[in-house]
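Report on one structure; see the data block that follows.
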Amino acid sequence: MALVQAGIQCVIREVLLKEKPQHLLAISPKGTVPVLLLADGSVMDESLDIMHWAMRQHNAGWSETDDAAVLIERNDSFFKYHLDRYKYPQRFGPETDAAFHRQKAGLFLAELDERLLASINLCGEQERFADIALLPFVRQFAATEPELFSSLPYPNLQAWLNRWLESERFNSAMQRHAQWHPGDAETLLF
């Protein structure tokens, strides 16, 4: 989303994490996504680093507010911890209670819903860095049990998420691409 927002064209290589190509591992031994390989050979393999880089390349129309960093930190620590255990309880052992972690993650979602009482976006009327940073995580939570998410008492957050999911930018950024293999023709983002 940040690359689309900033108008940065790049090559997309869709990979399956269970079939990590050697090229991915050569440029980023962590083997996680996303990975951004720049023309100068430098590599970024953290979403927030890529977002900050995109913002520096072009005035993307969003800026950070003082509370954005706090929101993002709370998302990346508290919310993501519980989201992972709700979404993938089997990865964390048989004692992991998905319902407990769903409830804990819901505490953060309730905070976001309350913020959205005051404005259409998380940090004011304008779209900001925090909106784009938190969108994938709220989307993951909602997609885990869509009917349940729709029934939760978060009308402002649900409306915020739906606006993003229906936006042209989101749909442009989230186009499905065929799995990349060495030698394939390059696919450009927008």
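The numbering of the sequence shown is full-length UniProt numbering, which starts it at 1 and goes up by one. Ideal Cβ positions, reconstructed from N, Cα and C, are used throughout, including at glycine.
Task: Per-residue DSSP class, three states only, for glutamine 90 - done: helix
TODO: Specify whether the segment 124 to 138 and the segment 88 to 102 touch according to this definition: at least 3 beta carbon pairs, one from each stretch, less than 8 Å apart.
DONE: Judged by Cβ distances under 8 Å, the segment 124 to 138 makes no contact with the segment 88 to 102, as fewer than three pairs qualify.
- [ ] For the alpha helix (DSSP H) holding glycine 106, just list the boundary residues, first then last.
- [x] 98 to 118
- [ ] Grab the span of the alpha helix (DSSP H) containing methionine 55 for me, first residue to last.
- [x] 47 to 57
TODO: Using the Cα positions of proline 146 and aspartate 40, report the straight-line distance between them to the nearest angstrom.
DONE: 42 Å
Open item on the list: I'd like the span of the alpha helix (DSSP H) that includes aspartate 79, first residue to last.
Closed with: In the sequence on display, residue 79 carries phenylalanine and not aspartate. Annotation for phenylalanine 79: no alpha helix (DSSP H) segment contains it, and DSSP assigns it neither H nor E.
TODO: Rounded to whole angstroms, what's the CA-CA distance from aspartate 184 to methionine 44? Just pull it up for me.
DONE: 23 Å
Task: Simplified DSSP assignment, three categories, for isoleucine 132 - done: Correct three-state label for isoleucine 132: helix.
Open item on the list: I'd like the list of long-range same chain contacts for arginine 102, defined as Cβ closer than 6 Å, with 5 residues on each side in sequence excluded.
Closed with: So the qualifying residues of the chain are Tyr86.
Task: Cβ-Cβ separation, alanine 54 to glutamate 6 (assumed contact under 8 Å), whole Å - done: Rather than glutamate, the amino acid found at residue 6 in this sequence is alanine. Going by Cβ atoms, the distance from alanine 6 to alanine 54 rounds to 4 Å, so yes, they are a contact pair.
TODO: Go ahead and pull the three-state DSSP assignment for leucine 36.
DONE: strand
Open item on the list: Which complete beta strand (DSSP E) runs does the segment 149 to 179 hold, if anything under 3 residues is left out?
Closed with: none
Open item on the list: Can you check which of these residues, Ser151, Arg139, Gly124, is closest to phenylalanine 79 by C-alpha distance?
Closed with: Arg139
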